[in-house]
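These notes concern the structure reproduced below.
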Amino acid sequence: MQFLIVTSRNLEQFSLEAFTTTLLESEAQRVRELYAAGVIRQIWRRADKPGACILVEAASEDEAQEAMASLPLAQRDMLELQILTQLLPYPGLGPR
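Here's what the structure looks like:
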């Protein structure tokens with residue numbers, strides 16, 4: 317199953333300066349690991365504020381949530397995660 321997840325930095329509790337280069341590099345490393353494992357299928361930076369939109373492959377919503385909870389920013393409560401929805405194939409592209 318695929319899930320669409322939207323994240324944003326928790327700027328209500330943390331300043332932009334709290335998101336250090338070292339911390340962001342550890343976040344990027346974990347994203348690379350999840351991508352290599354086939355969990356993260358696509359990831360885009362948000363244009364409206366610091367955060368990302370992530371396409372996740374998981375057996376369940378709980379598994380998707382667990383994968384996102386492994387991100388260093390999420391572990392420090394510096395990242396807000398919202399699972400928008402499970403995605404289903406679009407039937408209009410299939411054979412008639």
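Residues 317 to 412 (the numbering used here) make up the sequence shown, in order.
Note that beta-carbon positions come from the ideal geometry of N, C-alpha and C, so glycine has one too.
Quantities reported herein were computed from a predicted structural model and do not represent experimental measurements.
Original post:
Closer than 7 angstroms: is that where the CB of residue 352 sits relative to any heavy atom of the ligand GTP?
Top reply: Among the ligands in the structure shown, none appear at all, so the ligand GTP cannot be discussed.
Original post:
For residue 323, is the classification buried or exposed, using 16 other Cβ atoms within 10 angstroms of its Cβ as the cut-off for buried?
Top reply: buried
**OP:** Would you list the one or two residues that DSSP bridges to residue 322?
**Re:** 369, 398
**OP:** Answer yes or no: do residue 361 and residue 353 have a C-beta to C-beta separation smaller than 8 angstroms?
**Re:** no
Original post:
Do residue 319 and residue 398 have their CB atoms nearer than 8 angstroms?
Top reply: no
**OP:** Name the two residues that bound the continuous beta strand (DSSP E) containing residue 412.
**Re:** Run containing residue 412: none; DSSP gives neither H nor E here.
**OP:** Write down the C-beta distance between residue 355 and residue 373 rounded to the nearest angstrom, noting that I regard them as a contact closer than 8 angstroms.
**Re:** With 8 angstroms as the limit, residue 355 and residue 373 qualify as a contact, their Cβ atoms being about 6 angstroms apart.
Original post:
To which residues does DSSP link residue 361 through a beta bridge?
Top reply: 368
**OP:** Put residue 327 into one of helix, strand or coil per three-state DSSP.
**Re:** coil
Original post:
For the putative contact between residue 388 and residue 342, defined by C-beta atoms under 8 angstroms, what is the C-beta separation to the nearest angstrom?
Top reply: 5 angstroms
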